[in-house]
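Quick mapping for you: the protein sequence lines, in order, are chains A and B. Residue numbers for the first sequence follow the numbering used here, beginning at 17 and rising by one. Residue numbers for the second sequence follow the numbering used here, beginning at 124 and rising by one. Ideal Cβ positions, reconstructed from N, Cα and C, are used throughout, including at glycine.
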Amino acid sequence: MHEIARLIRATVIGLPILFMASMVYPQSDPPTTEELAAQISALKQDYESRIAVLEARLASIQAKSASTDHKAVPASKPSMLSSDNTFNPAIGVVLNGMISEYSETDSSIPAFQFGHESERPEEGLTLGHSEITVSSNIDDKFYGNLTLGLGVHAGEPTELELEEAYIQTLPGAGLPDGMRIKAGRALWTLGYLNELHVHGDDFSDRPLPYRAYLDNAYNDDGLEVSFVLPGDLYSEIGAGIFRGDDTPFAGSRSGREAWSTFARLGGDIGNNSAWRIGGYILDGEARNRAGAGHAHAEDDGHGHDEEAHEDEEDEHGHENGEEHEEHDLAEFLSDGSFTGDSRLYGIDFRYTLAPTGNARDRELILQGEYFRRDESGEYELQEEHEECVDPADPSTCEIHMESIIETLSSDSEGWYAQAVYKFLPRWRVGARYSRLSTPDDAELSHDPHTTSAMIDWTNSEFGRIRLQYSRESLARGYDDDQFMLQYIMSLGAHAAHSF
Amino acid sequence: MKAWFTVLLLLTLGSILPLSAAAQTPIRILACEPEWAALAEEIGGDDVIVHSATHGRQDAHYIRARPSLIAKVRRADILFCSGAELEIGWLPILMQRGARSIVQAGQPGHIMAADHVDVLERPEVIDRSLGDIHPGGNPHVHLDPRNITILAEVLANRLVTIDPSRSSAYHDRLVSFKARWADAMTEWHERVQNLDGMKVIVYHKAWPYLLQWSGLNRVASLEEVSGIPPTASHLAHVLELARNHGAQVIIRAPFEPVDASDWLSGKTEIPVVELPFTVGGHPEARDLFSLFDITLTSLEEIRDRP
Numbered sequence: 017m018h019e020i021a022r023l024i025r026a027t028v029i030g031l032p033i034l035f036m037a038s039m040v041y042p043q044s045d046p047p048t049t050e051e052l053a054a055q056i057s058a059l060k061q062d063y064e065s066r067i068a069v070l071e072a073r074l075a076s077i078q079a080k081s082a083s084t085d086h087k088a089v090p091a092s093k094p095s096m097l098s099s100d101n102t103f104n105p106a107i108g109v110v111l112n113g114m115i116s117e118y119s120e121t122d123s124s125i126p127a128f129q130f131g132h133e134s135e136r137p138e139e140g141l142t143l144g145h146s147e148i149t150v151s152s153n154i155d156d157k158f159y160g161n162l163t164l165g166l167g168v169h170a171g172e173p174t175e176l177e178l179e180e181a182y183i184q185t186l187p188g189a190g191l192p193d194g195m196r197i198k199a200g201r202a203l204w205t206l207g208y209l210n211e212l213h214v215h216g217d218d219f220s221d222r223p224l225p226y227r228a229y230l231d232n233a234y235n236d237d238g239l240e241v242s243f244v245l246p247g248d249l250y251s252e253i254g255a256g257i258f259r260g261d262d263t264p265f266a267g268s269r270s271g272r273e274a275w276s277t278f279a280r281l282g283g284d285i286g287n288n289s290a291w292r293i294g295g296y297i298l299d300g301e302a303r304n305r306a307g308a309g310h311a312h313a314e315d316d317g318h319g320h321d322e323e324a325h326e327d328e329e330d331e332h333g334h335e336n337g338e339e340h341e342e343h344d345l346a347e348f349l350s351d352g353s354f355t356g357d358s359r360l361y362g363i364d365f366r367y368t369l370a371p372t373g374n375a376r377d378r379e380l381i382l383q384g385e386y387f388r389r390d391e392s393g394e395y396e397l398q399e400e401h402e403e404c405v406d407p408a409d410p411s412t413c414e415i416h417m418e419s420i421i422e423t424l425s426s427d428s429e430g431w432y433a434q435a436v437y438k439f440l441p442r443w444r445v446g447a448r449y450s451r452l453s454t455p456d457d458a459e460l461s462h463d464p465h466t467t468s469a470m471i472d473w474t475n476s477e478f479g480r481i482r483l484q485y486s487r488e489s490l491a492r493g494y495d496d497d498q499f500m501l502q503y504i505m506s507l508g509a510h511a512a513h514s515f
Numbered sequence: 124m125k126a127w128f129t130v131l132l133l134l135t136l137g138s139i140l141p142l143s144a145a146a147q148t149p150i151r152i153l154a155c156e157p158e159w160a161a162l163a164e165e166i167g168g169d170d171v172i173v174h175s176a177t178h179g180r181q182d183a184h185y186i187r188a189r190p191s192l193i194a195k196v197r198r199a200d201i202l203f204c205s206g207a208e209l210e211i212g213w214l215p216i217l218m219q220r221g222a223r224s225i226v227q228a229g230q231p232g233h234i235m236a237a238d239h240v241d242v243l244e245r246p247e248v249i250d251r252s253l254g255d256i257h258p259g260g261n262p263h264v265h266l267d268p269r270n271i272t273i274l275a276e277v278l279a280n281r282l283v284t285i286d287p288s289r290s291s292a293y294h295d296r297l298v299s300f301k302a303r304w305a306d307a308m309t310e311w312h313e314r315v316q317n318l319d320g321m322k323v324i325v326y327h328k329a330w331p332y333l334l335q336w337s338g339l340n341r342v343a344s345l346e347e348v349s350g351i352p353p354t355a356s357h358l359a360h361v362l363e364l365a366r367n368h369g370a371q372v373i374i375r376a377p378f379e380p381v382d383a384s385d386w387l388s389g390k391t392e393i394p395v396v397e398l399p400f401t402v403g404g405h406p407e408a409r410d411l412f413s414l415f416d417i418t419l420t421s422l423e424e425i426r427d428r429p
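Laid out in structure tokens, this is it:
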């Protein structure tokens with residue numbers, strides 16, 4: 017009986033060994049005794065190491081229970097009981113309020129269309145942009161985020177804006193390593209600031225190119241694919257396709273009229289400083305993109321621009337019988353509704369230096385972006401035209417709207433550069449200069465520019481108070497001294513900061 | 124402008140070319156803190172390439188999610204961190220951006236030290252007014268050398284899982300490390316006994332594991348609310364505690380602010396000692412062994428002062 021048992025055991029152990037040995041060299045000649053011996057010893061080693069690992073595991077369990085015995089403070093593991101709350105998504109709220117004082121009455125930029133978001137904040141006490149974010153991993157493959165912005169503009173009902181509503185693949189989604197897909201509405205990859213919510217900025221308002229080109233930020237509906245390449249240096253490429261309904265685009269017909277592409281590079285310099293540069297293209301079409309500047313012209317015009325001002329005076333005195341008044345091209349560019357192609361090129365850089373390695377104690381951040389926008393198409397101005405049957409009797413007059421179209425190809429540039437220095441753990445100072453170069457067509461001899469300085473105090477990661485002074489020169493003879501005192505506080509979940 | 128873009132694109136593509144396809148590709152380990160990098164060197168030896176996201180004089184709570192770290196996560200086979208939300212401000216974004224599947228939670232390449240040891244100071248009340256607290260408990264688990272042993276085993280296990288072809292090498296290094304570590308712990312244990320429960324004042328609550336293992340007694344913390352600099356009234360309270368309880372030494376990590384501890388030391392003549400806290404926190408704390416050696420030596424020097 018013992019012999020049979022031994023034979024069975026030998027077969028059971030031996031057969032798999034022979035089988036595995038034959039698997040190792042399936043195509044070679046029958047192995048020599050030495051080779052077999054070597055293979056068997058390799059197998060033996062393999063088994064030994066596996067046994068050793070098991071032993072190590074056992075030892076670790078023992079050590080763990082032993083160390084528990086020594087510890088005075090028992091660690092209470094979280095209870096695994098699940099309730100409805102357990103799977104609630106993370107909720108974060110950002111509260112933002114401001115008091116500001118300006119020396120000029122208006123802040124539109126001659127020769128640039130100007131959207132609602134990018135106006136300077138209301139004067140006096142005002143709630144800025146409050147925000148509610150709900151986010152969570154959906155399952156092992158997707159992450160979802162919904163961000164609602166509550167915009168308050170004086171004399172208007174509170175505006176609920178869907179800032180972001182997107183899903184994004186998680187690294188477990190089965191895509192190749194380094195690849196991510198984001199779909200929905202999001203603050204897309206474009207320059208440095210576009211991906212940030214405004215409360216994450218280092219200054220109280222966005223720099224001029226963001227205000228003029230993107231109405232603060234581009235968050236169209238769309239889809240973006242990005243891929244981090246496997247190099248020693250950080251490098252990422254990506255592309256997106258978008259609906260084409262958010263500034264700088266408008267009136268999408270097919271619902272897929274804009275696209276973007278980008279590339280980024282980044283790395284460290286020594287232990288305590290890091291850098292990143294990027295290049296971006298955003299291209300699409302606009303149909304009847306109207307500037308909010310139109311409404312302004314109705315109010316009190318560009319009271320700051322001498323030339324435009326005089327023109328407007330003429331314009332409003334529209335009884336002089338002329339068929340068409342003279343409109344300068346700047347007026348088409350800012351007040352006209354635009355239909356045509358719009359392409360934006362951008363480059364950005366950012367450099368951070370923490371002298372001690374601890375950005376929390378002391379840190380210098382240099383950052384800059386440059387944009388160039390090429391637009392070509394038709395600018396349409398609506399003009400009021402009064403016709404009277406009997407010039408002496410106003411009741412016989414009728415007002416007609418007449419449209420005047422100008423076909424233009426306008427190229428313009430905008431950039432900013434800023435430095436922010438944290439000199440004490442809670443205190444930072446910063447300076448920023450931003451500038452737009454007006455399209456040549458506009459024949460304005462003035463380039464809008466703004467110089468800003470700020471100081472802010474950060475009590476904790478969740479609360480910040482900032483004082484900012486800007487001198488904004490948007491047109492010749494217009495110098496707006498702006499003081500803004502702002503708080504930014506966040507409640508609840510707080511997203512991790514990117515670089 | 125277009126030329127600029129092309130140059131950038133070429134640079135970007137060019138940066139991935141130096142990918143060498145060595146026969147035996149080393150396992151890439153990204154450690155969040157230098158102590159885990161040091162442990163990875165001990166167990167991985169020449170079979171691994173180890174990077175640390177932070178250096179010895181950095182506070183691992185507050186690190187920027189730098190582009191270079193995204194690149195490191197992108198290629199890492201193992202991510203070795205303290206966990207318990209120490210890295211919550213930057214690690215999640217790196218893991219998401221680097222999008223490397225093997226280092227995600229639940230995968231063999233994901234090691235959070237606090238998941239494998241008993242965590243101290245798990246808070247019962249969680250509220251932001253208590254400062255930047257960690258719901259998962261105190262994450263600085265490496266300052267109890269017994270935890271190092273546990274993590275050495277965890278790491279060896281994971282290396283074997285990920286890279287079975289070199290399992291015997293990992294095993295041999297684990298055995299050797301454990302033997303040397305056990306010897307060192309025996310020696311440290313004696314030295315700790317002789318410290319005889321020194322009374323210490325700490326800055327941040329970074330030291331409970333060291334205190335528990337070494338039997339030192341904490342009299343007070345200079346930082347009352349975690350992550351928020353101490354207030355004058357709290358400092359006055361600490362001053363009182365320091366005097367009443369006869370505190371012997373003020374302990375400070377290299378990345379902690381000096382003003383509060385210097386002020387207290389000036390008022391009370393209690394000496395301040397900067398302990399390395401982690402590998403690289405002192406020029407001579409080059410590995411885990413010297414980390415504990417120097418920590419104990421520094422405390423012994425204070426004790427032996429006339």
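Checklist entry - How many angstroms separate the CA atom of A:G113 from the CA atom of A:S514? => result 24 Å
Next on the checklist: What does the alpha-carbon distance come out to for the pair A:A302 and B:G229?
Outcome noted: 47 Å
Item to check | Proximity test, Cβ basis, 8 Å: B:S143 and chain A | outcome: Bear in mind that the predicted position of B:S143 carries a pLDDT of just 42, short of 50, making it too unreliable to give a figure here.
Checklist entry - Under 8 Å between the Cβ atoms of A:G294 and A:I363? => result yes
Item to check | Burial state of A:T174 (16 or more Cβ within 10 Å) | outcome: exposed
Checklist entry - Quick one: complete beta strand (DSSP E) runs, 3+ long, within the stretch 351–439 of chain A? => result 353–369, 379–404
Checklist entry - Quick one: what's got a C-beta closer than 6 Å to A:A189's C-beta in the same chain, skipping five residues either side? => result K157
Next on the checklist: Cβ closer than 7 Å: which chain A residues qualify as neighbours of B:S356?
Outcome noted: In chain order: nothing, as chain A lies at least about 16 Å away.
Next on the checklist: Check whether chain A comes within 8 Å of B:M218, counting only Cβ atoms and requiring the distance to be less than that.
Outcome noted: yes
Item to check | Residues that B:I172 contacts on chain E, provided the C-beta gap is smaller than 7 Å | outcome: In the displayed structure, chain E is absent; the protein chains listed are A and B.
Item to check | Own chain residues within Cβ distance below 8 Å of B:Q181, not counting five before or after | outcome: F378
Checklist entry - Cα separation between B:E423 and B:L318? => result 7 Å
Next on the checklist: Determine whether the beta carbon atoms of A:V214 and A:N235 lie at a separation below 8 Å.
Outcome noted: no
Checklist entry - Which of the residues in the stretch 240–253 of chain A, read from start to end, lie with their CB under 8 Å from any CB of chain B? => result V244, L245, P246, G247, D248, L249, Y250, S251, E252, I253
Next on the checklist: Between A:I154 and the ligand PLP, is there a pair consisting of the residue's CB and a ligand heavy atom that are separated by less than 7 Å?
Outcome noted: Within the structure as shown, the ligand PLP is missing, as the structure has no ligands at all.
Checklist entry - Quick one, which of A:R492, A:H416, A:N288 has its alpha-carbon nearest A:Y367's? => result A:N288
Next on the checklist: Quick check on B:I324: does DSSP put it in helix, strand or coil?
Outcome noted: strand
Checklist entry - Quick one: what's B:A154 bridged to in DSSP? => result B:S175, B:F203
Next on the checklist: With a threshold of 8 Å, are at least 3 pairs of Cβ atoms found where one atom belongs to the stretch 395–402 of chain B and the other to the stretch 158–174 of chain B?
Outcome noted: yes
Item to check | Inter-residue CB distance, A:P223 and A:R448 (contact presumed, cutoff 8 Å) | outcome: 6 Å
Checklist entry - Using 8 Å as the limit for Cβ to Cβ distance, is B:G320 near chain A? => result no
Checklist entry - Got a sec, what are the start and stop residues for the alpha helix (DSSP H) A:K198 sits in? => result Run containing A:K198: none in the alpha helix (DSSP H); it sits in the beta strand (DSSP E), 195–201.
Next on the checklist: Taking the alpha helix (DSSP H) that B:W386 belongs to, which residues open and close that run?
Outcome noted: 382–391
Next on the checklist: Distance check for A:W291 and B:A194, CA to CA, integer angstroms please.
Outcome noted: 13 Å
Next on the checklist: So if DSSP puts B:S299 in a beta bridge, which residue, or which two residues, is it bridged to?
Outcome noted: Answer is none; B:S299 lacks a bridge partner.
Item to check | Distance between B:Y332 and B:I271 (C-alpha atoms, nearest Å) | outcome: 12 Å
Item to check | Boundaries (first-last residue) of the alpha helix (DSSP H) holding B:R426 | outcome: 411–426
Item to check | Inter-stretch contact at 8 Å, needing at least 3 Cβ pairs: the stretch 364–372 of chain B / the stretch 383–396 of chain B | outcome: yes
Item to check | Contacting residues, own chain, Cβ-Cβ under 6 Å from A:E396 (five flanking each side not counted) | outcome: G352, S353, S419, I421
Checklist entry - Who are the near neighbours of B:R115 in its chain, counting only those whose CB is closer than 6 Å to its CB and skipping five residues on each side? => result Residue coverage of chain B in this structure runs from 124 to 429, which leaves residue 115 of chain B outside it and unanswerable.
Item to check | CB-CB length for B:I216 against B:A188, believed under 8 Å | outcome: 5 Å
Next on the checklist: Which residues in chain A have a C-beta closer than 7 Å to the C-beta of B:Y185? List them in chain order.
Outcome noted: N374, A375, R376
Next on the checklist: Suppose contacts are defined by Cβ-Cβ distances below 8 Å. Is A:A274 in contact with A:G254 by that definition?
Outcome noted: no
Item to check | Status (buried if at least 16 other CB within 10 Å, exposed otherwise) for A:F219 | outcome: buried
Next on the checklist: Quick check on this structure: which residue in A:I148, A:H465, A:I504 has the alpha carbon closest to the alpha carbon of A:G227?
Outcome noted: Note that residue 227 of chain A is Arg in the sequence shown, not Gly. Cα-wise, what sits closest to A:R227 is A:H465.
Next on the checklist: What are the residues in the stretch 365–382 of chain B lying within 8 Å of chain A by C-beta distance?
Outcome noted: F378, P380
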